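Please read the structure below before turning to the comments.
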Amino acid sequence: MTTLPGRPNTALLVVDVQQGVVAGAHDRDGVIANINTLVAKARAEKVPVIWVQHSDDDLPQGSPDWQYVFELVRRDTEPLVHKRYGDSFEQTDLEAVLAEHRVGRLVVTGAQTDMCIRSTLHGALVRGYDATLVTDAHTTEDLSAYGAPPPHQVIAHTNLYWRFQSAPGRQAGTVRTVEVEFAVAG
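This is the structure in structure tokens:
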């Protein structure tokens with residue numbers, strides 16, 4: 001139900017599952033396994049898989065920590081979006097990639113929950129996209145030393161509040177990996 005005309009398709013967005021980003025992440029292996037399941041399902045259903053890769057002063061492009069985790073393998077035919085801000089749309093070619101594939105609905109996975117995932121979800125919704133968060137396919141590190149709740153609580157809270165997000169003519173929501181449907185009902 002996107003507000004973007006002529007955009008009936010769905011894409012799987014894999015955000016920042018990079019060596020240095022998820023090295024100490026909560027349930028790292030389980031989240032990566034779920035993302036792999038979703039990537040395989042998207043490929044089987046010919047749904048675009050779009051990879052997003054962050055860089056900044058602490059995560060220099062080309063460094064070992066900047067590389068995607070070894071467990072996830074991007075195909076050369078799958079778009080790769082490079083970003084420097086939390087929101088995957090900010091100063092990137094993500095919108096052009098999505099327009100090329102006529103995508104109006106995003107299924108979002110990756111890291112970090114309390115940074116790039118939240119920013120990208122909100123960025124998608126305000127730009128007219130439907131945005132579904134996969135509850136067991138995103139993660140974050142422990143930032144409780146800085147006053148944040150423990151990672152499992154950050155993830156649970158994000159899942160809770162995104163489940164109830166909405167905007168005129170757009171849908172948000174959450175699903176578990178096993179519940180993901182790339183085809184839009186109705």
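Following the UniProt record's numbering, the numbering of the sequence shown begins with 1 at its first residue and continues without gaps. Positions of the beta carbon are idealized from the N, C-alpha and C atoms, including for glycine. Because the structure is a prediction, the values reported are computed rather than measured.
Please state the DSSP three-state secondary structure of residue i.
{"i": "residue 205", "result": "Absent from the structure is residue 205, since the part of the chain shown begins at 1 and ends at 186."}
{"i": "V103", "result": "strand"}
{"i": "G86", "result": "coil"}
{"i": "Y68", "result": "strand"}
{"i": "G186", "result": "Low local confidence applies: a pLDDT of 48 at G186 is under 50, so the model's placement there is unreliable, and no value is given."}
{"i": "D130", "result": "strand"}
{"i": "G123", "result": "helix"}
{"i": "G30", "result": "helix"}
{"i": "R170", "result": "strand"}
{"i": "Q91", "result": "coil"}
{"i": "L4", "result": "coil"}
{"i": "T77", "result": "coil"}
{"i": "D114", "result": "helix"}
{"i": "V180", "result": "coil"}
{"i": "V14", "result": "strand"}
Restricting to Cα atoms, I'd like to know which of the options is closest to residue i.
{"i": "E141", "options": "R74, D58 and P150", "result": "P150"}
{"i": "L59", "options": "R28, V47 and D16", "result": "D16"}
{"i": "G94", "options": "Q165, H54 and I50", "result": "Position check: residue 94 holds Leu in this sequence, whereas Gly was assumed. Checked all of Q165, H54 and I50; the closest Cα to L94 is I50."}
{"i": "A33", "options": "T109, Q53 and V52", "result": "T109"}
{"i": "A137", "options": "L13, G6, M1 and R7", "result": "L13"}
{"i": "R102", "options": "I155, V47 and L133", "result": "V47"}
{"i": "M1", "options": "Y161, T132 and T177", "result": "T132"}
{"i": "Y146", "options": "D114, E71 and A23", "result": "D114"}
So, is residue i buried or exposed, given that buried needs 16 or more other C-beta atoms within 10 angstroms?
{"i": "Y129", "result": "buried"}
{"i": "S144", "result": "exposed"}
{"i": "residue 223", "result": "Within the shown structure, residues of the chain are numbered from 1 to 186, placing residue 223 beyond reach of any answer."}
{"i": "L160", "result": "exposed"}
When you compare only the Cα positions, how much space is there between residue i and residue j?
{"i": "Q171", "j": "R84", "result": "27 Å"}
{"i": "G186", "j": "S119", "result": "Residue placement at G186 is flagged as unreliable, the pLDDT there being 48, under the threshold of 50; the coordinate-derived value follows with that caveat. Going by the C-alpha atoms only, they are around 29 Å apart."}
{"i": "R28", "j": "V69", "result": "10 Å"}
{"i": "D87", "j": "S63", "result": "21 Å"}
{"i": "A25", "j": "D65", "result": "14 Å"}
{"i": "V39", "j": "H54", "result": "19 Å"}
{"i": "T158", "j": "T77", "result": "32 Å"}
{"i": "P79", "j": "V52", "result": "8 Å"}
{"i": "R105", "j": "V31", "result": "21 Å"}
{"i": "Q61", "j": "H82", "result": "9 Å"}
Quick test of your reading: residue i and residue j, contact by CB under 8 Å. State the CB separation rounded to the nearest angstrom.
{"i": "T135", "j": "T174", "result": "5 Å"}
{"i": "Q19", "j": "Q67", "result": "5 Å"}
{"i": "T3", "j": "G169", "result": "4 Å"}
{"i": "V107", "j": "F182", "result": "7 Å"}
{"i": "Q165", "j": "L125", "result": "7 Å"}
Between residue i and chain D, is the shortest Cβ-Cβ distance under 9 Å, so that the two count as touching?
{"i": "V81", "result": "No chain D is part of this structure, which consists of one protein chain only."}
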